[in-house]
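Numbering (this note's numbering), first residue to last: 2 to 634.
Down below is the structure, laid out as structure tokens.
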């Protein structure tokens, strides 16, 4: 690592230490600060040594080595249990912030993890499942049982594959066609490969299949390993890797090894070596107390007409209110799925930010919000033009004139959020909707960070990988300028019709975000090249949009010289494109796979309702009234 890189890492670790100390003192006002600082110094040194490739997190073997160096030599099962206690996103690896909690817990300096003040990611936008939005590396979970036993003549390996949950979307519809492939390595016979059936169009497949391998008692099994991987089947191109894990025969012989459980799906590198059981505690059962009809309304007040989108979160419907025939979009989320995905806080965040859309011309408008025993409902103003990804896929690219208009309206929406102390953190074409006139409407606010004053920073790793700013990729603290980086990325994509940053793996993608030369195409004007380059400055303090003068700096760019900002903010500027909307109920700007479905809410069984803690959603409902600030009811 270069001297400059070393200094950057040290600065980042120091910033995390300072934030942790502040949070520790808020929890333990009379805590021993001197001893804490001594611990943090040694923890930082050990983490920097273990994270030699500067990836920002460390895995099971590295964590074990760190614990040993810091005076805690634990067996693998105990290390996994310790990691589960502090691993905020169930990735099986630890960021530095999580690593601090682990060491201080093991040393007995703290009795509970010191929580980080941050918000979690959420599911889905209007009419489309979030594509790859992450907190860190969250690929979902696989439930299976792995047993190695001895019979009179053989050593028998038995694997039962039950189901998976919360897999990453693998197609444009936000779904996947998953199957599980397994083999034993090394495999001299080349005959150990087995796989489950393919389950179509789901992120939560159920298999319930059993597999058996037999080995001679004379075989040397000490170095053998069972590899388990989930793949997405693709009819046209090669199948896509979704997540994996591995079990050594040696650990399967250890009675302390967890062999039947939910296991976290890891990336290819981690999954080739480790397995990681999820937290073992089952959901707490609570009786489902009746939900009174709130002033926000009820789903029975509406006729559900068409499905506009679908994902593991639930569905988005085109609906008509019975009383006045008003057409709206209703996003219905399953409470149980929200709880399982740890998205309760993010769902409340989205409801809060959507409330501001009532007074913002370039955001989805929230009409009201209400809930039932099983579901949460966002009733939103109908945006019949579809999202910009839909139109980009049809047109290939946008003209520079059109890009100027869309970028200007998006910048107004971002500036509105920033003025409210909100970082958006998930700007991409999928989340930019067009209304029937062709004006921009931002959607999907589950990843927003609320309550930031001017100059305040945050550090949560979240967003959609292709659009992450370099400071997020490198786990540094960041501010509102990350949204302007994302705007630069989508402006490049709009004008050129190609993805700017990509890679065959997450590591390669992040490497490209940090180091890939950004080459402007010949078709881009000088002004276009300048503004995109200024937005895509990898040094945050020099990026266009940084600091209190962001609004004036952006509007002064030559690229926007023809924009009359007062007219634009009043929606008086003619859009370059008006989506084809044949009639008020037309849904042709949404995927026909969804619109052809029967519009209905999928009911939950009673035993599933009993798993829902209704208290988690207290304060979700929002009455229909034209207030600027959201009103809790």
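Just so it is clear, CB atoms sit at the ideal spot from N, CA and C, and this is done for glycine as well.
| Item | Value |
| --- | --- |
| Answer yes or no: do residue 103 and residue 111 have a C-beta to C-beta separation smaller than 8 Å? | no |
| Just list the residues that DSSP pairs residue 262 with in beta bridges. | 145 |
| Quick one: is the Cβ of residue 248 within less than 7 Å of any heavy atom of the ligand ATP? | Of the ligands one can find in the structure shown there are none, so the ligand ATP has no counterpart to examine. |
| Ignore the nearest five residues each way along the sequence and tell me which others in residue 500's own chain have a CB closer than 8 Å to its CB. | 467 and 494 |
| Where residue 218 and residue 68 are concerned, what is the direct C-alpha to C-alpha distance, given to the nearest angstrom? | 37 Å |
| Leaving out five residues before and five after residue 157 in sequence, what residues of the same chain have Cβ atoms less than 6 Å from its Cβ? | 150 and 215 |
| Helix, strand or coil: which one does DSSP assign to residue 466? | helix |
| Flag this pair as touching only if the stretch 167-183 and the stretch 229-240 have three or more C-beta atom pairs under 8 Å; answer yes or no. | yes |
| Are three or more beta carbon pairs between the stretch 394-407 and the stretch 451-469 nearer than 8 Å? | no |
| If you reduce the DSSP assignment to three classes, tell me which class residue 542 lands in. | helix |
| Going residue by residue through the stretch 51-111, where are the continuous beta strand (DSSP E) segments of at least 3 residues, counting only ones entirely within it? | none |
| So for residue 607, helix, strand or coil by DSSP? | helix |
| Does the pairing of the stretch 592-600 with the stretch 559-570 give three or more beta-carbon distances under 8 Å? | no |
| Please go through the stretch 301-385 and give each complete alpha helix (DSSP H) segment of 4 or more residues, from N-terminal end onward. | 336-341 and 345-357 |
| How would you write the range of the alpha helix (DSSP H) that residue 509 sits in, first residue to last? | 507-516 |
| Look at the Cβ atom of residue 617, then the Cβ atom of residue 424, and state whether they are nearer than 8 Å. | no |
| Helix or strand or just coil, what does DSSP make of residue 486? | helix |
| Residue 278 and residue 81 - do their beta-carbons sit closer together than 8 Å? | yes |
| Please state the DSSP three-state secondary structure of residue 530. | helix |
| Is it buried or exposed for residue 557, if we count other Cβ within 10 angstroms and need 16 for buried? | exposed |
| Looking at the structure shown, is residue 272 part of a helix, part of a strand, or coil, going by DSSP? | helix |
| Indicate whether residue 472 and residue 541 have their beta-carbon atoms separated by less than 8 Å. | yes |
| Can you tell which of 176, 236 and 155 has its C-alpha closest to the C-alpha of residue 220? | 155 |
| By a C-beta neighbour count over all protein chains shown, 10 Å radius and 16 as the cutoff for buried, is residue 418 buried or exposed? | buried |
| Looking at the structure shown, is residue 241 part of a helix, part of a strand, or coil, going by DSSP? | strand |
| Compute the Euclidean distance between the alpha carbons of residue 202 and residue 333, then round it to the nearest angstrom. | 19 Å |
| Any beta carbon of chain C sitting closer than 8 Å to that of residue 223? | Going by chain labels, chain C is absent from the structure shown, which holds only one protein chain. |
| Within a Cβ cutoff of 6 Å, which residues of the same chain sit near residue 197, ignoring the five residues on either side of it in sequence? | 162, 180, 181, 208 and 210 |
| Which of the three DSSP states is assigned to residue 210 in this structure? | strand |
| What is the DSSP secondary structure of residue 559, counted as helix, strand or coil? | helix |
| Does the contact criterion of 3 or more C-beta pairs under 8 Å hold for the stretch 300-316 versus the stretch 241-261? | no |
| Would you mind sorting residue 53 into buried or exposed? The rule is 16 or more other CB atoms within 10 Å of its CB. | exposed |
| Looking only at its chain, what residues have a beta carbon closer than 6 Å to the beta carbon of residue 533, apart from the 5 residues adjacent to it on each side? | 489, 492 and 493 |
| Are residue 248 and residue 223 close, meaning C-beta to C-beta below 8 Å? | no |
| Who does residue 442 pair with in a DSSP beta bridge? | 434 |
| Within the same chain, show all residues whose beta-carbon is closer than 8 Å to that of residue 376, passing over the 5 residues directly before and after it, in chain order. | 300, 315, 333, 334, 335, 336 and 602 |
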